[in-house]
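Here's the structure we're looking at; comments come further down.
Numbering (the UniProt record's numbering), first residue to last: 1 to 303.
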């Protein structure tokens, strides 16, 4: 009996150890399956993240920075849209923006006259280089300030408003209103800069005043046909500068687009109406207020 009970006890113990050991034998299989599943899950997530990254790259490429230059048809459409916006300006807004544009062009013309008047030796020995220096320094800076500040310059508005008129975006009344108030604002701004330049004694020396007077007298001494032709050629290049600036999407590109046509027309001696407003106003101020000049005398006749 004792031996039988011991055998039964040993059998139960063996079966218990077998039952306990069975999970240990199956544990590596279960662990291997679990690790395989864990390895498969990251693979799916990695491939999914790669696909998402590819989609993000495509989206970024689609929404990348605009091209450096806009095609001409889009520039023309932009000019037409701008004409519609300008047509909605009130008269006082156009007048104030025109005053700002006239002042900035006057400052550019003042810079040009100071550079030219301060280098008489260069003008005498190398007039071509002197003309290029004047063209590179003065009026390109003035027009750049006008375009970047959104001021209303009459000569640029000719291109903008005619674009809208030809496509039916604006009517003739809108064009005349914009031209009238921008022109008068330009004239007022030019007078203001001429007066402030006189009060600031920017051209107080006899050499500078004589140079400014000589240029202004030469302008008013030309015949109508010559002035008209010079004005047409000048505004062709001015409108081209506005067009090229609208085609560029960067500030450096706009500045370069302005510099090339404007320096060209100044070097060639074409006539810009708003710049001439400043020049003639300065001539009048010089004849009226400088004691060494008298009305009716040409600069070479003054002492």
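Glycine included, each C-beta is placed from N, C-alpha and C at the ideal position.
The structure presented is a predicted model; accordingly, all values stated were derived computationally and were not measured.
Among the bridge pairs identified by DSSP, residue 69 is matched with 248.
If the five residues before and after residue 68 are omitted, its C-beta is found closer than 8 Å to the C-beta atoms of 248, 249, 250, 253, all from its own chain and listed in chain order. Beta-carbon to beta-carbon, residue 119 and residue 130 are separated by about 7 Å, close enough to satisfy the 8 Å threshold. One thing to note: residue 197 has its Cβ no nearer than 8 Å to the Cβ of residue 280. Sequence-distant partners of residue 245 (beyond 5 residues in either direction) whose C-beta falls short of 6 Å from its own C-beta, in its chain, are 147, 254, 257, 258. Residues of the same chain with a CB within less than 6 Å of the CB of residue 270, apart from the 5 flanking positions on each side, are 230, 233, 234 in chain order. When 75, 92, 104 are compared, the shortest CA-CA separation from residue 192 is found for 104. With fewer than 16 other Cβ atoms inside 10 Å of its own Cβ, residue 91 counts as exposed.
Rounded to the nearest angstrom, the Cβ distance from residue 154 to residue 190 is 11 Å, too far for a contact under 8 Å. DSSP places residue 203 outside any alpha helix (DSSP H), giving it a letter other than H or E. DSSP places residue 270 in the coil class of the three-state scheme, outside both helix and strand. Judged by DSSP in its simplified three-state form, residue 276 adopts helix.
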